[in-house]
Amino acid sequence: MKGKNKKDAILYAAQEIFGRYGYAGTTVKMISERAGVAFGLVSHYFGSKEELFITAGVAIVEDLTEYLSTETRKAESGLEGIQTFMRSYLSYTLQHRNTFPVLLRCSPFSDVQIELDRTRIAVKFQQLLNVIRESVERGIEDGSIRGLSVDDTTTIVYSNIVGTVRTRFLSPYDLPNLYEETTDFVVRSIRARD
Numbered sequence: 004m005k006g007k008n009k010k011d012a013i014l015y016a017a018q019e020i021f022g023r024y025g026y027a028g029t030t031v032k033m034i035s036e037r038a039g040v041a042f043g044l045v046s047h048y049f050g051s052k053e054e055l056f057i058t059a060g061v062a063i064v065e066d067l068t069e070y071l072s073t074e075t076r077k078a079e080s081g082l083e084g085i086q087t088f089m090r091s092y093l094s095y096t097l098q099h100r101n102t103f104p105v106l107l108r109c110s111p112f113s114d115v116q117i118e119l120d121r122t123r124i125a126v127k128f129q130q131l132l133n134v135i136r137e138s139v140e141r142g143i144e145d146g147s148i149r150g151l152s153v154d155d156t157t158t159i160v161y162s163n164i165v166g167t168v169r170t171r172f173l174s175p176y177d178l179p180n181l182y183e184e185t186t187d188f189v190v191r192s193i194r195a196r197d
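See below:
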């Protein structure tokens with residue numbers, strides 16, 4: 004493994020390990036062993052454990068935001084944009100099930116019990132929320148979404164996603180249709196009434 008490949012391996016290992024064990028339960032040694040690199044190389048590329056934790060989360064949310072922006076642009080209405088956003092987001096979590104849980108650990112919505120500067124990740128999450136906001140605004144304008152508060156609706160849509168993903172990844176409940184049912188529920192809730 005050379006240069007960038009080692010750095011990528013460390014980042015991927017960090018996403019997996021932080022996602023599985025959380026910040027406090029993860030050691031740099033665990034990450035270096037999982038990545039198959041020397042312990043010191045982790046510090047060389049990422050500095051501190053905190054920096055690696057935040058970088059691991061930022062990398063996932065940047066990839067997710069780019070993917071969701073591309074997918075929602077294909078929608079023919081704002082309501083379809085919300086539906087596409089939710090389906091694509093929830094599908095992404097399953098496609099990246101080994102690494103996605105790091106976002107559950109470092110997001111502004113997580114319950115991390117330690118002091119971390121999560122400003123960078125909060126900025127990235129705001130970009131994610133902006134994708135939802137654009138679809139809500141578009142839907143109200145095109146008549147597919149009823150006249151609701153844009154801020155409240157954006158937050159409620161994302162809160163439903165967060166709750167659903169946390170239930171899927173962090174709880175013992177086996178609800179095979181949870182993602183589809185949540186998406187349908189949200190779409191029914193905001194759809195313009197005849």
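In this text, residue positions in the sequence shown follow the numbering used here: the first is 4, and each later residue adds one.
By construction, the Cβ of each residue, glycine as well, lies at the ideal position given by its N, Cα and C atoms.
Residue i burial status per 10 Å Cβ neighbour count (16 or more: buried)
{"i": "Q98", "result": "exposed"}
{"i": "R141", "result": "buried"}
{"i": "R100", "result": "exposed"}
{"i": "M4", "result": "With a pLDDT of only 46 at M4, under the threshold of 50, the placement of this residue in the model should not be trusted; the figure read from the coordinates follows. M4 should be labelled exposed."}
{"i": "R108", "result": "buried"}
{"i": "L178", "result": "exposed"}
{"i": "L173", "result": "exposed"}
{"i": "S162", "result": "exposed"}
{"i": "Y176", "result": "exposed"}
{"i": "V160", "result": "buried"}
Neighbour flag for residue i against chain D, beta carbons, 7 Å
{"i": "D145", "result": "Among the chains of the structure shown, chain D does not appear; only one protein chain is present."}
Selection from the options that minimises the alpha carbon distance to residue i
{"i": "G22", "options": "T156, I63, S138, V160", "result": "I63"}
{"i": "Y182", "options": "S138, T87, S110, I143", "result": "T87"}
{"i": "G90", "options": "E53, V190, R194, T186", "result": "Checking the displayed sequence, the identity of residue 90 turns out to be Arg instead of Gly. For the residues E53, V190, R194, T186, the minimum Cα distance to R90 belongs to T186."}
{"i": "T170", "options": "Y70, P104, L55", "result": "P104"}
{"i": "G43", "options": "K32, V61, Y70", "result": "K32"}
{"i": "L132", "options": "Y26, V45, G50, T157", "result": "T157"}
{"i": "L71", "options": "L106, L93, P175, S51", "result": "L93"}
{"i": "V189", "options": "I135, P175, E144, Y176", "result": "I135"}
{"i": "T167", "options": "V153, E184, D154", "result": "E184"}
Beta carbon of residue i nearer than 7 Å to that of residue j
{"i": "A16", "j": "I34", "result": "yes"}
{"i": "V40", "j": "K10", "result": "no"}
{"i": "V165", "j": "I124", "result": "no"}
{"i": "I13", "j": "V45", "result": "yes"}
{"i": "S138", "j": "T75", "result": "yes"}
Sheet register partners of residue i (DSSP bridge)
{"i": "I100", "result": "In the sequence under discussion, the amino acid at residue 100 is Arg, which differs from the Ile named in the question. Per DSSP, none; premise fails for R100."}
{"i": "I148", "result": "R194"}
### Query
Does the count of Cβ pairs from the segment 135-153 and the segment 75-94 closer than 8 Å reach three?
yes
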